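Okay, so here's the structure we're looking at.
There are 2 protein chains.
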Amino acid sequence: MAGRKQFDVDRALDQVMTLFWQRGYAETSLEHIVSATGLGKGSLYGTFGGKAELFRRSLDRYADTYGRQYEAALSGRPTPALAIQAFFDVVLARIADPRLPGGCLIALSAMAAPTLDDGNRDRVSALLEHQRQRVQAALDAFTPDAAELALFVVSTNQALAVMDRAGASAEQLASVASVAVRAVEASTSAAG
Amino acid sequence: MAGRKQFDVDRALDQVMTLFWQRGYAETSLEHIVSATGLGKGSLYGTFGGKAELFRRSLDRYADTYGRQYEAALSGRPTPALAIQAFFDVVLARIADPRLPGGCLIALSAMAAPTLDDGNRDRVSALLEHQRQRVQAALDAFTPDAAELALFVVSTNQALAVMDRAGASAEQLASVASVAVRAVEASTSAAG
DNA sequence: TCCATGTTGGTCCAGTCAGTCCAACATAGT
DNA sequence: ACTATGTTGGACTGACTGGACCAACATGGA
C-alpha cells in the first residue's frame with residue numbers, strides 16, 4: 001500500500017462529530033466539514049464516503065465515546081439511586097464542558113428522524129434502545145420494575161438535552177436530574 | 001382596500017406550521033411551503049415576510065393552539081397528580097393523532113437553537129419558560145416545591161417529544177408520563 | 001365607469017448544496 | 001532509481017436554495 005493517509009482519521013471524525021452535534025445534520029454542509037477538518041473533499045469522500053455515511057460514523061463514535069462513560073458510571077453502585085445519579089452526572093458534566101456542544105447528538109438526531117435516510121434513522125433508534133438496555137441491566141438486580149424505570153431514565157436524559165439547548169442553567173438541569181433520581185429511589189425502595 | 005386576500009391566512013399558517021413541525025426549519029424549503037399551501041411566493045412574502053418570519057408565526061400559532069389545551073387540562077384539578085396527568089394526557093393525545101407530526105415543534109426548535117436567528121431562538125426559550133410558569137402556577141397552590149416540579153414536568157414533556165420522534169410506542173410514552181406523575185405525587189404528598 | 005390600490009403566481013437571480021472528477025503528488029516494493 | 005498504487009485538494013457540475021421582482025389581475029371607492 002503506497003501513499004499513506006496524511007491525517008488522523010479518528011481526530012477528523014471527532015471534529016466532524018462535534019460539528020454535527022453543534023449544528024445538526026441538515027445545517028452542516030460539506031463546506032463546514034472541509035473547513036473544520038482542513039481536509040479536501042477528495043480525502044473525505046475517499047475515506048468516509050458521502051455526508052450520510054460521515055454522519056453514521058459520527059453517531060457511532062459518539063455512542064462509543066459516551067457509552068463507555070455511562071457504563072462506568074452505572075456499574076458497581078450499591079443502590080439504584082446512586083447508579084442513576086452517577087449516570088446523570090455523566091450528562092451534566094458533558095453539558096457543563098464548554099469545549100463540547102450542548103445537548104446530545106442522539107437526541108438531536110432523533111428529532112430530525114423524519115428527514116434522515118432510513119439507515120441513519122434506524123441507527124438512532126437502535127442506539128437509544130441500546131442505551132435503555134444498558135440502564136435496565138444496571139437496575140435489574142435491584143427492582144422488578146427495571147424496564148419501566150430504565151425507559152424513564154433514558155427519557156429524562158433526552159429531556160436534559162432539550163432543556164440545555166433551550167438555554168436552561170446547569171442548576172436547573174441538575175434539579176431536573178435530582179427529581180428523577182428521587183423518583184427512582186421511591187420506586188425501588190417502596191415497590192421493589 | 002381593494003384586492004382582498006384570496007386565501008385563509010390562518011389555514012395557510014396551520015399548513016406551514018405542520019410542515020415546520022414535521023421537517024424542522026432547515027429541511028423545510030420555500031418550495032415545500034408553496035406546494036403545501038398552494039400559494040405563490042408573492043403571496044407568501046407579501047403576507048408573512050420571509051422564511052424566518054413565517055417560522056416565528058408558526059411557533060406562535062403552535063404555542064397558542066396547544067397552550068390553551070394545556071391551560072384547560074391543568075385547571076380545576078383536585079390534586080397536583082391529577083393536574084399533571086391531565087397535562088401529559090394532552091401531549092399523549094396529540095402524539096397519538098395520526099394527522100399531526102410527531103414530537104413537539106418547540107422541542108424540535110430548541111434542538112435547532114444554535115442555527116436559528118436570534119429572534120427565533122429567544123422566542124423558543126420564552127415559550128418554554130412560559131410553559132414552565134403555566135405548570136408552576138397550577139402547582140403553586142399545592143406545594144412549596146412548585147418551581148422545581150414544574151421544571152421537571154416541562155422537561156418530561158420534552159422527553160416525550162424526543163422519544164416519540166425516536167419511534168417509541170404510545171405505551172412506552174404513557175409509561176414515562178406515569179412515572180413522572182408518581183414522582184409529582186410522592187413529592188407533593190410527602191414534603192408538601 | 002374608471003382608476004388607485006392591493007393581490008397573485010410565475011420568472012429570474014446569485015449563492016450554496018452534495019457529489020464527481022482528475023492532475024499532481026507521495027510512498028513502498030522491487 | 002523506477003514504477004505501480006493509493007492520497008490529496010481543488011476545480012467543476014447540475015440541482016436546489018431563499019429571495020427579489022413584476023406584469024396581469026381583482027376589487028372597492030369616486
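Taken in order, these protein sequences are the chains called X and U. Just so you know, the UniProt record's numbering puts 38 at position 38 of the first sequence, and the rest follows in order with no gaps. Just so you know, the UniProt record's numbering puts 99 at position 99 of the second sequence, and the rest follows in order with no gaps. Cβ atoms here follow ideal geometry from the backbone N, Cα and C, with glycine treated the same way. Every value quoted in this text rests on a predicted model; they were computed, and no experiment measured them.
- Message: As a quick exercise: from Leu92/X, Ala86/X, Arg11/X, Ala52/X, pick the residue whose alpha carbon is nearest that of Ser29/X.
- Response: For the options Leu92/X, Ala86/X, Arg11/X, Ala52/X, the alpha carbon positioned closest to that of Ser29/X is the one of Ala52/X.
- What first and last residue would you give for the alpha helix (DSSP H) that runs through Arg77/U? Premise fails: Arg77/U is in no alpha helix (DSSP H) and is neither H nor E.
- Task: State the Cα-Cα distance for the pair Asp140/U and His32/U, rounded to the nearest angstrom.
- Result: Approximately 44 Å, taken between the alpha carbons.
- Item | Contact under 7 Å by Cβ, Leu149/X with Ser178/X | Not closer than 7 Å, so no.
- Once you ignore the five residues that flank Leu159/U on each side, which residues in its own chain have a CB closer than 7 Å to its CB? For the sequence presented, residue 159/U should be read as Ala rather than Leu. These residues qualify, in order along the chain: Val176.
- Message: Assuming Arg11/U is part of the alpha helix (DSSP H), what are its boundary residues?
- Response: Looking at the DSSP string, the run of the alpha helix (DSSP H) that includes Arg11/U is 9-23.
- Determine contact between the stretch 70-89 of chain U and the stretch 79-92 of chain X, defined as no fewer than three beta-carbon pairs at a distance below 8 Å. A contact is defined here as three or more CB-CB pairs under 8 Å, and the stretch 70-89 of chain U fails this definition with respect to the stretch 79-92 of chain X.
- Would you list, in chain order, the members of the stretch 132-150 of chain X that have their beta-carbon closer than 8 Å to a beta-carbon of chain U? Answer set for the stretch 132-150 of chain X: Glu148, Leu149.
- Task: Can you pull the chain U residues whose beta carbon is under 9 Å from the beta carbon of Ser175/X, in chain order?
- Result: Near Ser175/X (Cβ distances below 9 Å), the residues of chain U are Ala147, Glu148, Leu151, Phe152.
- Query: Can you tell which of Met17/U, Gly49/U, Gly50/U, Tyr45/U has its C-alpha closest to the C-alpha of Ala36/U?
  - Reply: Minimum Cα distance to Ala36/U is reached at Met17/U.
- Start-to-end residues for the alpha helix (DSSP H) that takes in Asp118/U: Residue range 118-140 is occupied by the alpha helix (DSSP H) that includes Asp118/U.
- CB-CB under 8 Å to Met1/X, same chain, minus the five flanking residues each way: which ones, in chain order? For Met1/X, the predicted structure reports a pLDDT of 40, less than 50, and the residue's modelled location is therefore unreliable. A value from the coordinates is still provided. Excluding residues within five positions, none has a Cβ falling inside 8 Å.
- Query: Apart from the five residues just before and just after Gln131/X, which ones in its own chain have a Cβ nearer than 6 Å to its Cβ?
  - Reply: Within the same chain, Gln131/X has close Cβ partners Val154.
- Min CB distance Pro114/U to chain X below 7 Å: Yes, its Cβ sits closer than 7 Å to a Cβ of chain X.
- Item | Exposure label - Gly42/U; buried when at least 16 CB within 10 Å | Result: exposed.
- Query: So, does the CB of Met17/U fall closer than 7 Å to a CB anywhere in chain X?
  - Reply: No, Met17/U does not count as interfacial toward chain X.
- Item | Anticipated Cβ contact below 8 Å, Gly24/X with Ala110/U, distance rounded | So it is not a contact: roughly 12 Å between Cβ atoms.
- Simplified DSSP state of Leu100/X, which is helix, strand or coil: Correct three-state label for Leu100/X: coil.
- Per DSSP, what kind of secondary structure is Pro114/U in: helix, strand or coil? Pro114/U: helix per DSSP, three-state reduction.
- Item | Against chain X: residues of the UniProt domain "HTH tetR-type" (6-66) of chain U by CB proximity under 8 Å | Going along the UniProt domain "HTH tetR-type" (6-66) of chain U in chain order, one finds Gln22, Arg23, Gly24, Ala26, Glu27 with a Cβ nearer than 8 Å to chain X.
- Item | Beta carbon proximity, Gly119/U to chain X, threshold 7 Å | Not a single CB atom of chain X sits nearer than 7 Å to the CB of Gly119/U.
- Task: Alpha carbon to alpha carbon, how far is Asn157/X from Phe88/X? Give it in angstroms, no decimals.
- Result: Cα to Cα, Phe88/X sits roughly 7 Å from Asn157/X.
- Query: How is Ser35/X classed by DSSP in three states: helix, strand or coil?
  - Reply: Look at Ser35/X here: in three-state DSSP terms it is helix.
- Of all the options Thr47/U, Leu105/U, Ala26/U, which has the alpha carbon lying nearest to the alpha carbon of residue 207/U? Here chain U covers residues 1 to 192 and nothing more, so residue 207/U does not appear.
- Message: Taking its Cβ as the centre, do 16 or more other Cβ atoms sit within 10 Å of Thr143/U, making it buried, or is it exposed?
- Response: Per the 10 Å Cβ criterion, buried.
- Looking only at its own chain, which residues have a Cβ that is under 6 Å from the Cβ of Ala161/X, when we skip the five neighbours before and after it? Non-local C-beta neighbours of Ala161/X in its own chain, meaning closer than 6 Å and more than five positions away in sequence, comprise Gly103, Cys104, Ala107, ordered along the chain.
- Cβ of Leu108/U less than 7 Å from any chain X Cβ? Chain X contact via Cβ: present.
- Cα-Cα separation, Leu92/X to Met163/U: Distance between the alpha carbons of Leu92/X and Met163/U: 20 Å.
- Task: Output yes if chain X places a C-beta closer than 7 Å to the C-beta of Gln69/U; else output no.
- Result: Using a Cβ-Cβ cut-off of 7 Å, Gln69/U does not count as an interface residue toward chain X, since no Cβ of chain X sits closer than that to its own.
- Item | C-alpha gap between Leu19/U and Arg11/X, whole angstroms | Straight-line Cα distance between these residues: approximately 37 Å.
- Message: So, at 7 Å on beta carbons, what are the nonlocal neighbours of Ala96/U in its own chain, with the 5 sequence-adjacent residues on each side left out?
- Response: Around Ala96/U: Ala170.
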